[in-house]
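Novice:
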Amino acid sequence: MAVSLGFHIVFAALAVGLPALLLFAEYRANRTGDPVWMALCRRWARALGILVAVGAVSGTVLSFALGLFWPGLMGRWGAVIGLPFALEAFAFFIEAIFLGIYLFGWDRLSPWAHWAAGWPVAIGGVASAWFVVTANAWMQTPTGFATVSDGRVVDVQPITAMLNPSTPVMTTHMIVAAYMATGFTVGAVYAIGMLKGRRDVYHRRGLAVGLVLGLALAPVQIVVGDAAGRLVADRQQVKLAAMEGLWRTTAHAPLTIGGIPLPSQGRTILGIRIPGGLSWLAYGNTGAVVHGLDEVAPADRPNVVVVHLAFQIMVAMGFALAGLGLWALIVWIRRRHLPDTKWFLRAAAVAGPATFVALEMGWVVTELGRQPWIVYGQTRTADAVTSRPGIAIWLVATVAIYVLLGAACAWLLLRLARTPRETGALEAAG
Amino acid sequence: MTTFQLEVVILVAIGGGLTLYWLLGGADFGGGVWDLLAIGPLREHERTLISDAIGPVWEANHVWLIFVLTGLLAAFPSAFASLGFALYVPFSIAIAGIVLRGAAFAFRSWGDRGSAWQRTWTRVFGVASIVTPLALGAAAGAIASGRIHIAGSTVVASLWGSWTSPLSIVTGILALASCAFLAASYLTVEATQRDEREMEEVFRRRALVSGAVSGVVAMLGLLVTRNVSPQLWHGMLTRAWPFAVLSAVGGIASLWTVARRRYRLARVAAAVAVASVVTGWGVAQWPYLIVPDLTVADAAAPANALRPLAFGFAIGIMLVAPSLFLLFRVFKGSGSESDTPSYH
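Protein chains in written order, with my numbering: chain P, 1 to 430; chain X, 1001 to 1344.
(1) Along the chain, where does the beta strand (DSSP E) containing Trp373(P) start, and where does it finish?
(2) Using a Cβ-Cβ cutoff of less than 8 Å, which residues in the same chain neighbour Thr147(P) once the five nearest sequence positions on both sides are dropped?
(3) For Met1236(X) and Trp1256(X), what's the separation of their Cα atoms in angstroms?
(4) Scan the region 40 to 58 of chain P for residues whose Cβ lies nearer than 8 Å to a Cβ of chain X and list them as they occur along the chain.
(5) Unbroken alpha helix (DSSP H) runs of length 4 or more, entirely within the region 116 to 170 of chain P: which are they?
(6) Is it right to say Ala1151(X) is buried, meaning 16 or more other beta carbons lie within 10 angstroms of its own, or is it exposed?
(7) Of the choices Ile272(P), Gly323(P) and Arg199(P), whose alpha-carbon is the least far from that of Thr341(P)?
(8) Do you know offhand how far His1062(X)'s Cα is from Gly1026(X)'s?
(9) Is it buried or exposed for Val209(P), if we count other Cβ within 10 angstroms and need 16 for buried?
(10) At the level of alpha carbons, what is the spacing between Leu1018(X) and Phe1181(X)?
(11) Check whether the region 1063 to 1083 of chain X and the region 1285 to 1302 of chain X touch, using three or more Cβ-Cβ pairs below 8 Å as the test.
(12) Considering only the alpha carbon of each residue, which of Leu68(P), Phe85(P), Ala408(P) and Ile159(P) lies closest to Leu1087(X)?
(13) I want to verify the contact list: residues of chain X whose CB lies under 7 Å from the CB of Ala79(P), in sequence order.
(14) Is it buried or exposed for Met1001(X), if we count other Cβ within 10 angstroms and need 16 for buried?
(15) Where DSSP assigns a beta bridge to His1149(X), which residues make up the other side?
(16) Can the beta-carbon of Gly225(P) be found closer than 8 Å to that of Pro254(P)?
(17) Interface residues of chain X around Val238(P) at Cβ under 7 Å?
(18) So, is Asn1227(X) buried or exposed, given that buried needs 16 or more other C-beta atoms within 10 angstroms?
(19) Please report the residue range of the alpha helix (DSSP H) in which Ile391(P) lies.
(20) Thinking just about the alpha-carbon of each residue, which of Phe1091(X), Arg1123(X) and Asp1195(X) is nearest to the one in Ala1104(X)?
(21) My understanding is that Pro158(P) touches Pro1308(X), with C-beta atoms under 8 Å, so please give their C-beta distance in whole angstroms.
(22) Roughly how many whole angstroms lie between the Cα atoms of Tyr190(P) and Glu26(P)?
(23) Residues bridged to Pro19(P) by DSSP?
(24) Output the residue ranges of the beta strand (DSSP E) runs that lie fully inside the region 327 to 393 of chain P and measure 3 residues or longer, sorted by chain position.
(25) Cβ of Leu1208(X) less than 8 Å from any chain C Cβ?
(26) I need the DSSP call for Thr1070(X), collapsed to helix, strand or coil.
(27) Relative to the C-alpha of Thr60(P), which candidate in Leu1069(X), Ala1259(X) and Pro1242(X) has its C-alpha closest?
(28) If the cut-off is 8 Å on Cβ atoms, which residues from the region 247 to 271 of chain P count as contacting chain X, listed in chain order?
(29) Any idea what DSSP makes of Ile1290(X), helix, strand or coil?
(30) Could you give the first and the last residue of the continuous beta strand (DSSP E) run that contains Leu255(P)?
(31) Would you decide whether Pro1287(X) is buried or exposed? Buried here means 16 or more other CB atoms lie within 10 Å of its CB.
(32) Just curious, the beta strand (DSSP E) that Ile269(P) is in, first and last residue?
(33) Just checking: is the beta-carbon of Leu1327(X) within a distance shorter than 8 Å of some beta-carbon in chain P?
(34) Are the C-beta atoms of Ile1095(X) and some chain P residue less than 8 Å apart?
(35) Considering just the uninterrupted stretch of the beta strand (DSSP E) at Ile260(P), what are its terminal residues?
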């Protein structure tokens, strides 16, 4: 399940973000009649076709997997949290239907009707992401029910559950991340092309469109991420302590940047410490008390080493991407064009994979940080998982299939990127 | 509206989703079956027709399965959890099939014609298209077979035995044969629209063969039901028989119309047959959602959960129905458009 989600998130993020770029490129193409815009649009549409196919099927795995692996979760909580999954199916319907129309309808619709068909794809994608993340948000901060003494769940309120306290921030965080990942990935493809000497208008535009989307959102994501952090500080103190590697409850808690937590010694070494920094970030007051891991028994703590490091990596990537944005902004203010030096292009090429590292790390923090709970404070992961044998086989088979599909998909996309652009221009003309 | 009615309304909606998945998604699997069986000199031609027919619609058709699964999860959570536990193996097989089928279909349109890449993914696409309906059909048979026992929150079901009963074997084969029939009969329409007489004949023949096989297997299914599931048989005789008759009429009519080259009418008849099999199945095993222990009423989520779900279904269907109409109109519309869908 974890592997499935980690795999799915890559395709889903691009499938959510890419339609927006398509809409922009096709709008420009239709307005200006410029074949370069149309070539970009066609190229991205082909990539989207592959990504959504893989994203759709890996998403299906997840809907089955909820029952296969987590009968204890769904049997008990399905009535509370099934609603967003069911609604997600409709959002996905809209996305899939109009994607079919969009990808195969070039010759069957007028240019503007075709462009219009792209909107439901973009909206459906964002809506499905929103619904699915509300379910995950609920697992962090479960609301919308009451439990009675024998453990039964009563007074179910699915709408309340869907709109739980984590929903606004987590859904925003994820959707912004999806757009950033798309922007930087597209940017990276053209940055690599330009580094190889293809510095034509097609590559410049591809780079600019991707990077502007990614770079504009990078600072936004820092603000949203900060809000997400404060929410965790309010609602999931053990998770915050694991993210920050804070072992003891402390007033004036320092912010540890980097560092390696040592569970055996109960401390975090080698980090840079900013006095009072964590208290200030979490509660807006440098003197505030921040709860440490020592407040719960070791059995109730997540894997501190992994969660802390994953969190540090995610934050580092986030700031690095924002830094790249600052670099681009300074150059733009001075010269009115994006930087195109070798070093900037190299940085842009690295930024693509970096956003996915950040995405996966963020997912690790969310999921592993919540452990040992699957529904925070309510159901333990160990009680929800299936008692069926063969989980190990499943895991191996899943990894094998996904490695195969991932490799095949990467090969195809690389091939697509390498196809000479003349084909693209021809496609645009025909 | 009382809880009782609401859960039935939602169950009917889920049944409708299942019917559409069988009719639409099932035909896409059937296309994969014919793709694998394309061996003669016309094989490339057949494959092109199949790919063009499936290409624009398979993702949308596939969502019906997600609709069924998530609807079941939200409205009947204990049934969803029990099935996930009991049908662990066939569902796992189906997942693998679904993933490989979809990915292989998307991948194979790339690469050079006849390249190793394309041959491999074509093979994967075909095999996965056979395995998936078999596994899903067997799982459906298991729900009706009475081999999944539920007491409180404990599910007792053999890892292998629960879905390999004679009934499951019949339903698995029926699923596969009917998917092949649906695909072949739709492909005759595609072929006529494109004015490809040769293809029309090829798929007309295949539709007749697979349709006849489906009919024989369905009758075999009735026989097996009588012998091994007295409870289901009783429901069939007392309540569900009109649907059994209707499905037989639909099945025969679809064969007859294909034979008479009235392909569009055949689609309608096939839809009637499939819808009445699904409805008849539900009516025959009523009031059980999973025979023989879990009733619909027991499995249903509380009214508080069902109300927003029903509301969501209503809005969702209002959005999806016209969109689907548009999709099929653009790609499967009147015969005036003879050009093939292009995928540049």
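Built from N, CA and C at the ideal position, the CB exists for glycine as well.
Quick caveat, the model's predicted, so the values are computed rather than measured.
Specialist: Reading from the atomic positions:
(1) If you number the first sequence from 1, residue 373(P) lands on position 373. Unbroken beta strand (DSSP E) run through Trp373(P): Trp373 to Val375.
(2) Position 147 of the first sequence, counted from the first residue, corresponds to residue 147(P). Around Thr147(P): Val153, Val154 and Gln378.
(3) Numbered from its first residue, the second sequence carries residue 1236(X) at position 236. Numbered from its first residue, the second sequence carries residue 1256(X) at position 256. The alpha-carbon atoms of Met1236(X) and Trp1256(X) are separated by roughly 26 Å.
(4) Arg42, Arg46, Gly49, Ile50, Val52, Ala53, Val54, Ala56, Val57 and Ser58
(5) 158 to 162
(6) To locate residue 1151(X), count along the second sequence from 1; it is residue 151. So Ala1151(X) ends up on the exposed side.
(7) The sequence position of residue 341(P) within the first sequence is 341, counting from 1. For Thr341(P), the nearest C-alpha among the options comes from Arg199(P).
(8) Numbered from its first residue, the second sequence carries residue 1062(X) at position 62. Numbered from its first residue, the second sequence carries residue 1026(X) at position 26. Those two C-alpha atoms are separated by around 9 Å.
(9) Here residue 209(P) is taken as the residue at index 209 of the first sequence, counted from 1. Result: buried.
(10) Along the second sequence, one-based indexing puts residue 1018(X) at 18. Along the second sequence, one-based indexing puts residue 1181(X) at 181. So the two alpha carbons sit approximately 17 Å from each other.
(11) yes
(12) Translated into the one-based positions of the second sequence, residue 1087(X) becomes position 87. Of the candidates Leu68(P), Phe85(P), Ala408(P) and Ile159(P), the one whose C-alpha sits nearest the C-alpha of Leu1087(X) is Leu68(P).
(13) As a first step, residue 79(P) is located in the first sequence; it is residue number 79 there, counting from the start. Within chain X, the residues near Ala79(P) are Pro1077, Ala1301, Pro1302 and Ala1305.
(14) Counting from one through the second sequence, the residue named residue 1001(X) turns up at place 1. The predicted position of Met1001(X) is uncertain, since its pLDDT is 48 and thus under 50; no value can be drawn from it.
(15) On the second sequence, residue 1149(X) is found 149 positions in, with the first residue counted as 1. Answer by DSSP bridge pairing, in chain order: Val1156(X).
(16) For the purposes of this step, residue 225(P) is taken as the residue at position 225 of the first sequence. For the purposes of this step, residue 254(P) is taken as the residue at position 254 of the first sequence. In this structure, Pro254(P) does not lie closer than 8 Å to Gly225(P) by Cβ.
(17) As a first step, residue 238(P) is located in the first sequence; it is residue number 238 there, counting from the start. In chain order: nothing, as chain X lies at least about 28 Å away.
(18) As a position in the second sequence, residue 1227(X) is number 227, starting the count at 1. Under this definition Asn1227(X) is an exposed residue.
(19) If you number the first sequence from 1, residue 391(P) lands on position 391. Counting along the chain, the alpha helix (DSSP H) containing Ile391(P) begins and ends at Ile391 to Arg418.
(20) The residue you call residue 1104(X) lines up with position 104 of the second sequence. Among Phe1091(X), Arg1123(X) and Asp1195(X), the Cα nearest to that of Ala1104(X) belongs to Arg1123(X).
(21) Taking the first residue of the first sequence as 1, we reach residue 158(P) at position 158. Taking the first residue of the second sequence as 1, we reach residue 1308(X) at position 308. 5 Å between Cβ atoms; contact.
(22) Position 190 of the first sequence holds residue 190(P). Position 26 of the first sequence holds residue 26(P). C-alpha separation (whole angstroms): 18 Å.
(23) Translated into the one-based positions of the first sequence, residue 19(P) becomes position 19. When beta bridges are read from the DSSP output, Pro19(P) appears opposite no residue.
(24) 373 to 375
(25) No chain C appears in the structure shown, which is made up of the protein chains P and X.
(26) The residue given as residue 1070(X) occupies position 70 in the second sequence. The answer is helix: DSSP assigns Thr1070(X) an H, G or I state.
(27) For the purposes of this step, residue 60(P) is identified with residue 60 of the first sequence, where counting begins at 1. Among Leu1069(X), Ala1259(X) and Pro1242(X), the Cα nearest to that of Thr60(P) belongs to Leu1069(X).
(28) In summary, no residue of the region 247 to 271 of chain P has a CB separated from any CB of chain X by less than 8 Å.
(29) Taking the second sequence and counting its residues from 1, one reaches residue 1290(X) at position 290. Here Ile1290(X) carries a strand assignment [DSSP, helix/strand/coil].
(30) Along the first sequence, one-based indexing puts residue 255(P) at 255. Run containing Leu255(P): Leu255 to Ile257, per the beta strand (DSSP E) assignment.
(31) If you number the second sequence from 1, residue 1287(X) lands on position 287. Pro1287(X) comes out exposed.
(32) Counting from 1 along the first sequence, the entry for residue 269(P) is found at position 269. First-last of the beta strand (DSSP E) with Ile269(P): Arg267 to Ile269.
(33) Against the second sequence, residue 1327(X) aligns to sequence position 327. Leu1327(X) counts as touching chain P.
(34) Working through the second sequence from its first residue, we reach residue 1095(X) at position 95. Yes, contact with chain P.
(35) Here residue 260(P) refers to the residue found at position 260 when the first sequence is read from its first residue. Where Ile260(P) is concerned, the enclosing beta strand (DSSP E) stretches over Ile260 to Leu262.
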